[in-house]
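Residue numbers (the working numbering), protein chains in the order written: chain A, 1 to 267; chain B, 1001 to 1232; chain C, 2001 to 2635. We treat Cβ as the ideally placed atom computed from N, Cα and C, and that holds for glycine.
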């Protein structure tokens, strides 16, 4: 079994020495590329992450940043060892001999399983923390919005804001008004089929099920602006047109709108 | 295999044939009548430099303006003559709907109010209303915007249904006197496409509280369509 | 069993045509028409009262008629009939006749039991369904290249999306187990055929018979639900949905039968010396995959029966206003839907490990570790389906546990990566086209797997579910990894199955066009998903126009790669160079038999004395006479 055709190998060095030589080079490449990759990611992430105006959304964005930062060394490990092997160990045409019969020792197996398990554990703890944070009940000053989905329009009403004859109903089609810095929770249902109620910027997403109500988490929009409700569950012909403009405005403007409909303003 | 000129020619020919096939697939699928029925365009009649009229009618079946339909479409409720509208830009459009169809109560009372029309009202047989009884509605005429539209517009008008005990013409089976609904709305600049939809569950499909949202309600040309604002 | 060799005459044209696929189709069409007529005019005549279900009843009757009479026409029931009324078992010569002896190319068009014939039939049909599915993909990219529903109406587009999805799912589920699990696997374990040859033919022809059923959706108005077929939209919508539901039922039957066959074959027909510890990793991958499928697909089957009952018999399984629940459908569907992606993944990952060893000429870096990894993935895949339902509102209390075990799958997956990369490390790597596709698989699967973690985490799923990020994730895993694995297997086993070697230049061109096009397309869609683009957009919103245009431009490269691939296959079949019997110098048993493979595979069944991956170790001594050890001389 001739080792001479492996490029880059010194003529008489022992196989063990060559192994550590390749391993060292690959590890160095891995460390360098991981650092570069993480640096690039941390520079670029602001251009790629979704726009968000709630704490929930920011936690989700932070999660994306952290997970990607961890993922880069993992990905680089696979890619570096793979591409290194393909560049350095490749033969010209059909090989004339066999490769080194390596098997993973106990150290490699335990180490690999240990590291991947630790990574997994970290992901889990992070996820459970995030999950716990979001399952907070609505407080008394939460604005509740009832959302009704129908093929292919969202309609809204505010059960807490009474006017003579019933709750305040959002009277402009495809417009949902919300006051800034007030916690809001959506109670969602559907009249016909499954729809997906989603406001990306507020980081809320829950399906609208016929005959059932589902609730989103409580979120507090922290910035005035215009965002969108879109439908994220294919619901038929005009699924792609099923949207609403979310207008987050100052509390004063919101109350002015509510009173113009005859409803009680929020404190 | 020798990589001769013939070989390279073969690669190029495969690519040309392949993309030609893709074009063919596109043409075939987009013209398949069964997949995406595209009715004729109904252009609103201009009555002045900034006004136009759109005359529609609604029927309990498709024998009036979809005579070529087979079962089950021939029994579908429908707007006639079309649901693909074209209206002039920057104009006041007066819509008149003659409704020959009976009442199907709304499942979502949101649609019993008039929205987005001039004066916020509709005329039902000559009397103005800004909101009607949800159980008397037959259809709605609702125009909504596409996401990110350059000129958002939302018009929704409940079309009141003919009472069940109204007299019918013995020859056709349709009511002798339709309800006449009319209203006006103002269009914006040209080049914007809006979505037209009826939001009263007057179609088929499912049962119980979920009944009526399928069939004509989910098919362009019957209870769904588009409205394009153009210059003419 | 009679031991008298009964001579069997060569068959004339009429005997060849009946039974065959020709007679099957003729009888199937007649059967469909007759059943439809009876139901339409006698059982449920269409009136305004029966509007909601009369048409569905007629269509389902047509499909049932098609299926039953197709199988009568193709001769599937002949064996059953003979067995019931017969007085003797088939002679060996008659069994060879059923296996297609002396029938030339026509044996591929009949109910032939030879596993190699079935494997080739699967291969041709899967390539066809892949091709049709990819036409759908290019139409999707065409529509999404510009904002607005410019090229297709929204209704047509929704149908195209659904058909693309189902065609691809059907194709990817069978793409490795069907052609190679049938053709190669029995030879690999040293058997002459599968345990149930007639069931083998049945599983293939069930797969074939669903194609006209499925394509009939195009003439019935299509279906608007996408590939998931969610009820109650599925209950509500037009007749094209019946085509979808019936297709799934046929498909589930086909894969269940194939799964039973493969599992029984591997358990009972391994040759002497082929212990579970010496089984090629490909066999492990296929066996685990079909076991998963066997357990999971019945849930899909049942869910579609319930949809059909809601549509035809006006039941209300999924109609909540009458006591049903759409969550039932979602759970049934995803209970199938998650294991299903591992049904797709395991054979391709096993192919990757197999080929890594062959093309690095190195033992597998931890054979037992690899097997454990595959088993770990299989077991975990059953308890993670809830991660598709995090935002459905139905599993709130179970969100945590489902998140936990979904993230756990990263551990056995990591083991698989370790083994394959470790196998290549310090090897003597022969960079062939199959190996290139394996490298592509590994590169893409890293991205696919990691983005799966983002979706498994509930807080991030809140902003990503139902968006294009999900689409890009599952394309990176299913296409960028698993279809690449299929391509590797195709280029690898083509010389054994068809006796010719595919042109390496065209193969490399195919690979690079596919990889560059694929990564460009779906990285752009990851970005669109992060920015908030929802799935199933017939009219792409203006703010996502740029990433979608970029994705569509890269998709042109993918299309080019498909056409280059077709050219390669055609030109190789027509005038390609002949392949050697052991083209790659591999050590598994299929390379020890001649090409073309004889009808009964082996003169004498081999005796195995070692594993298939012991490169670089001293050759074992020759085993019993006439039975070469699994290790074969290098080519």
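| Item | Value |
| --- | --- |
| CB contact below 8 Å: residue 239(A) versus chain C | yes |
| Within-8 Å CB hit, residue 1218(B) to chain A | yes |
| Under 8 Å by beta carbon: chain A residues contacting residue 1108(B) | 148, 150, 155 and 191 |
| Min CB distance residue 2006(C) to chain A below 8 Å | At residue 2006(C) the pLDDT is 46, less than 50, meaning the model places this residue with poor confidence and gives no usable figure here. |
| From 2290(C), 2555(C) and 2261(C), residue whose alpha carbon lies closest to that of residue 2173(C) | 2290(C) |
| Rounded C-alpha distance that separates residue 1225(B) from residue 1193(B) | 11 Å |
| Counted within 10 angstroms of its Cβ, other Cβ atoms place residue 1977(C) as buried (16 or more) or exposed | Nothing can be reported for residue 1977(C): it is not among the residues displayed for chain C, which extend from 2001 to 2635. |
| Reference residue 1157(B); option with closest CA among 1094(B), 1019(B), 1189(B) and 1169(B) | 1094(B) |
| Nonlocal neighbours in the same chain, by C-beta distance under 7 Å from residue 2157(C), ignoring five residues either side | 2143, 2149 and 2538 |
| Pairwise C-alpha distance: residue 2496(C) and residue 2183(C) | 10 Å |
| Cβ-Cβ distance between residue 2510(C) and residue 2544(C) below 8 Å | no |
| Pairwise C-alpha distance: residue 2022(C) and residue 2169(C) | 27 Å |
| For residue 253(A), three-class secondary structure by DSSP | helix |
| CB of residue 130(A) within 8 Å of CB of residue 186(A), strictly | no |
| DSSP state of residue 195(A) mapped onto helix, strand, coil | strand |
| Beta-bridge pairing of residue 158(A) - partner residues as DSSP gives them | 168(A) |
| Integer Cβ distance of residue 2520(C) from residue 2471(C), believed to fall under 8 Å | With 8 Å as the limit, residue 2520(C) and residue 2471(C) do not qualify as a contact, their Cβ atoms being about 15 Å apart. |
| Where residue 139(A) sits in the DSSP three-state scheme | coil |
| Inter-residue spacing [alpha-carbon to alpha-carbon] between residue 1007(B) and residue 2571(C) | 9 Å |
| Straight-line gap, residue 1223(B) to residue 80(A) (C-alpha atoms, nearest Å) | 58 Å |
| Local conformation of residue 2496(C) per DSSP, three classes | helix |
| Chain-ordered chain C contacts of residue 1206(B) [CB-CB under 7 Å] | 2232, 2235, 2236 and 2319 |
| Residue-chain proximity (residue 2407(C), chain A), Cβ-Cβ < 8 Å | yes |
| Range covered by the alpha helix (DSSP H) that runs through residue 1052(B) | Looking at the DSSP string, residue 1052(B) is not in any alpha helix (DSSP H); the run it does join, the beta strand (DSSP E), is 1051 to 1059. |
| Rounded distance between the beta-carbons of residue 250(A) and residue 180(A), thought under 8 Å | 6 Å |
| Limits of the unbroken beta strand (DSSP E) element including residue 2582(C) | Neither: residue 2582(C) is in no beta strand (DSSP E) and is coded neither H nor E. |
| Segments of 4+ residues assigned as alpha helix (DSSP H) that fall wholly inside the segment 2144 to 2180 of chain C | 2154 to 2174 |
| 7 Å Cβ shell around residue 2479(C) - same chain, five flanking residues per side excluded | 2518 |
| Own chain residues within Cβ distance below 6 Å of residue 2055(C), not counting five before or after | 2239 |
| Supposed close pair residue 1196(B), residue 1203(B) - CB separation, criterion 8 Å | 15 Å between Cβ atoms; not a contact. |
| Cβ-based neighbour list, residue 2326(C), same chain, cut-off 6 Å, excluding 5 preceding and 5 following | 2231, 2232 and 2318 |
| 6 Å CB neighbourhood of residue 114(A) in its chain, flanking five on each side removed | none |
| Whether residue 112(A) touches residue 69(A) by CB criterion (8 Å) | no |
| For residue 1106(B), three-class secondary structure by DSSP | coil |
| Contact check, residue 999(B) vs residue 1200(B), beta carbons under 8 Å | Coverage of chain B is limited to positions 1001 through 1232, which leaves residue 999(B) absent and any answer about it impossible. |
| Residue burial classification, residue 2397(C) (beta-carbon count within 10 angstroms, cutoff 16) | exposed |
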